[in-house]
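Visitor:
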Ligand SMILES: [Fe+2]
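In my numbering, the protein residues as written are 19 to 201.
Below, the structure written as structure tokens:
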């Protein structure tokens with residue numbers, strides 16, 4: 019028997035499933051970034067990208083969980099999380115922040131598209147769900163923009179990047195403290 023809140027809109031299901039895989043791909047990508055920074059002795063930035071990787075994995079599970087409660091059988095497809103032609107390694111530390119910002123922008127626009135599609139098809143629950151993810155994504159983009167601007171400024175002298183590393187190390191601690199208070 020069809021459940022009351024069962025999600026039947028195939029296009030919305032596909033978009034949500036696709037997005038959950040994109041989030042998982044971001045998680046792997048940021049983990050890859052983290053180990054480049056670790057390997058180059060930027061341990062603050064390494065820690066930052068590991069935390070970002072965790073965040074993206076949480077987003078992925080959040081969407082899969084949403085599909086599940088709406089009665090959709092979740093199917094994990096590792097092929098959709100493959101890096102394929104996605105660039106994973108860069109020459110300079112600043113380039114990683116540029117790629118990170120681009121990825122956060124991409125995520126914002128993908129969520130925005132799903133939200134608009136949900137609105138058009140009057141998929142109210144999905145519209146509400148994606149709306150709250152979009153709010154979080156807006157602050158992620160904001161954060162990424164600030165970091166990118168700093169990274170650009172510090173890129174002029176490679177040695178200065180260690181100052182950014184130290185700042186992020188301090189910053190991520192205060193961010194952790196802030197997050198702990200939210201839950
Ligand atoms: Fe995300």
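Ideal Cβ placement from N, Cα and C applies to all residues, glycine included. Just so it is clear, the structure is predicted and the values come from calculations on it, not from any experiment.
Rounded to whole angstroms, how far is the Cβ of residue 151 from the Cβ of residue 77, which I believe are closer than 8 Å?
Guide: Confirmed, Cβ separation roughly 7 Å.
Visitor: Looking only at its own chain, which residues have a Cβ that is under 6 Å from the Cβ of residue 126, when we skip the five neighbours before and after it?
Guide: Within the same chain, residue 126 has close Cβ partners 155 and 159.
Visitor: Just how far apart, CA to CA, sit residue 138 and residue 145?
Guide: Roughly 9 Å separates the two Cα atoms.
Visitor: Starting from residue 93, follow the alpha helix (DSSP H) in both directions and report where the run begins and ends.
Guide: Run containing residue 93: none; DSSP gives neither H nor E here.
Visitor: Which residues in the same chain as residue 132 place their Cβ atom closer than 8 Å to its Cβ, once the five residues preceding and following it in sequence are excluded?
Guide: Excluding positions up to five away in sequence, the list reads 30, 33, 34, 37, 144 and 148.
Visitor: If you measure from each residue's Cβ to the nearest non-hydrogen atom of ligand 1, which ones come out under 7 Å, in chain order?
Guide: Matched residues: 41, 44, 73, 74, 77, 125, 155 and 158.
Visitor: Indicate the three-state DSSP secondary structure (helix, strand or coil) for residue 123 in the structure shown.
Guide: The answer is helix: DSSP assigns residue 123 an H, G or I state.
Visitor: Output needed for residue 81: all residues of its chain with C-beta closer than 7 Å, excluding positions within five of it in sequence on either side, in chain order.
Guide: Answer for residue 81: 34, 37, 38 and 41, listed in chain order.
Visitor: Go to residue 57, then tell me how far its alpha helix (DSSP H) extends in each direction, as first and last residue.
Guide: First-last of the alpha helix (DSSP H) with residue 57: 28-57.
Visitor: Throw me the rounded Cβ distance for the residue 51 and residue 114 pair, which I believe falls under 8 Å.
Guide: Going by Cβ atoms, the distance from residue 51 to residue 114 rounds to 5 Å, so yes, they are a contact pair.
Visitor: Quick check: the Cα distance between residue 164 and residue 118, rounded to an integer number of angstroms?
Guide: Rounded to whole angstroms, residue 164 to residue 118 spans 12 Å at the Cα level.
Visitor: Would you check if the distance between the CB atom of residue 173 and the CB atom of residue 105 is smaller than 8 Å?
Guide: Against a cut-off of 8 Å, the Cβ pair of residue 105 and residue 173 comes out as no contact.
Visitor: Return the CA-CA distance between residue 209 and residue 86, expressed in angstroms with no decimal places.
Guide: Given a span of 19 to 201 for the chain in the structure shown, any question on residue 209 remains unanswerable.
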